[in-house]
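Taking it in order: structure first as C-alpha cells, then the write-up.
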Amino acid sequence: MKGKETLTLLFLLISGLLFGSMMGEILGPWVPFLTKSKVITWSPAADLEILKYDLTFQVKLNLASIGGLALAFWIYRRMK
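Residues in the sequence shown are numbered from 1 upward in steps of one, following UniProt numbering.
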C-alpha cells in the first residue's frame, strides 16, 4: 500500500504546482507579485566512453505555485 500512497502524493503535488501556476498566470495582471518566478535547474551529465547522457530538469517556482503545492499537501493530509 505504501507505493500507492507515494504515487498519490506525487500526483497531487504535481497537480498542485500546475494549478498554482495557472492561477498565478490568471491573477498576474491584478496581483503582479504572484508571477515573479525563480528557476531551479539541475543538469546531470556523464560521458562513460560507451554511454553518454545529458539531462536537464527545470522547475519554475512562484508564490502562486507554492500556494498550490501547500494546498495539494493539505488535501493529501485530509485524504488520510
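For each residue, glycine too, the CB sits at the ideal point set by N, CA and C.
Query raised in the report: Using CA coordinates, which residue listed in Lys-4, Gly-20, Gly-3 and Leu-10 is at the minimum distance from Gly-68?
Result: Gly-20
Query raised in the report: Is there contact here, the stretch 16-35 with the stretch 71-79, by at least three beta-carbon pairs under 8 Å?
Result: yes
Query - C-beta atoms of Thr-56 and Ser-37 nearer than 7 Å - result: no
Query raised in the report: Whose C-alpha, out of Gly-24, Ile-40 and Thr-41, is nearest the C-alpha of Leu-34?
Result: Gly-24
Query raised in the report: Looking only at its own chain, which residues have a Cβ that is under 6 Å from the Cβ of Ile-40, when we skip the five neighbours before and after it?
Result: Val-59
**Report entry** Contact check, Tyr-53 vs Ala-64, beta carbons under 7 Å
**Finding:** no
Query raised in the report: Do the CB positions of Tyr-76 and Leu-7 come within less than 7 Å of each other?
Result: no
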